[in-house]
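Throughout the sequence shown, residue numbering follows numbering that gives the first Met the number 0, covering 0 to 221 in sequence. Cβ coordinates follow ideal geometry from the N, Cα and C atoms, glycine included. In this text the structure is predicted, and so the values were computed from the model without any measurement. Worksheet: one structure, shown below.
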Amino acid sequence: MTGSSPSWMSKWAHDLRGPLAPIQSALFLLRHGGNDVNERDELFELIDRQMRRLTGMIDEIGDWVRADQGRLLTRSGPIDLALIVEASRGLGADAVEVRYENDAENALLEGDASRLANLLSTFFWLVSAPRDGAAANGTQPSATIAMIDGWVQLTGPLSPALRAGSNVETLFTEPQVAPAGDGLGLRLLIACAIAKGHGGELGTRAGDGDPVEVVLRLPVRR
0 MTGSSPSWMS KWAHDLRGPL APIQSALFLL RHGGNDVNER DELFELIDRQ
50 MRRLTGMIDE IGDWVRADQG RLLTRSGPID LALIVEASRG LGADAVEVRY
100 ENDAENALLE GDASRLANLL STFFWLVSAP RDGAAANGTQ PSATIAMIDG
150 WVQLTGPLSP ALRAGSNVET LFTEPQVAPA GDGLGLRLLI ACAIAKGHGG
200 ELGTRAGDGD PVEVVLRLPV RR
């Protein structure tokens, strides 16, 4: 399995234990603390938040294993590219600006809609994260979507924060630590597997000048 070295397994074991300590502390306080309603509500919210965090990590491992076994995609059907892009690029001021070329807005894809939504969300995250950094320098992240020889190609500059804090050469081949890795750091490996499962590819390339570009290519529906 990609990324299953002992050092990463040890890190995952440590990360999976992370949510348990605050849950245990909250349960202790609920059993032995006072009856203040506000305090109890805060403790229940903490437990809920950490349980969702732990569930996300477990789901991440499940997806990674299914990807390794070729079982990540479970359904297939026609997908309107523009609709799934609109649902994945973010909301309001945080949305990634999208420019279509060569009639790409009318393209249809074929595949697992929920997995493609995850893939596109990850692509837009790569060009925009962290969003507060984009807001701080007054720029809005952007991406271009074009039709090229029967393929849909999404291209956008890799977020400066991710480029500065990550090894670009291993983004899609190894688990990532922050800022490129949230959860257990498997998000980009899973996204790459989704792209390959749909006959496409996700990677980086040198852009014009110094920037690194994120490139996602997917075949259009025949």
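In the three-state scheme derived from DSSP, where H, G and I count as helix and E and B as strand, Glu173 is classed as coil. Looking at the backbone, the Cα of Ile147 and that of Leu29 are separated by about 59 Å. In the assembly as shown, Phe43 is an exposed residue. Its beta-carbon has fewer than 16 other beta-carbons within 10 Å.
Its chain contains Gly182 as the residues whose beta carbon lies nearer than 7 Å to that of Gly55, once the 5 sequence neighbours on both sides are disregarded; these appear in chain order.
If you draw a straight line from the Cα of Pro77 to the Cα of Ala116, it is about 13 Å long.
Shown here for Ala81: same chain residues with a beta carbon closer than 6 Å to its own, the five before and five after excluded, namely Glu104 in chain order.
The stretch 211-221 and the stretch 82-95 do not touch, with fewer than 3 CB-CB distances between them shorter than 8 Å. Per DSSP, the beta bridge partners of Val151 are Met146, Leu217. Residue burial is scored here from C-beta neighbours: Ser127 has at least 16 other C-beta atoms within 10 angstroms and is therefore classed as buried.
In the assembly as shown, Leu185 is a buried residue. Its beta-carbon has 16 or more other beta-carbons within 10 Å.
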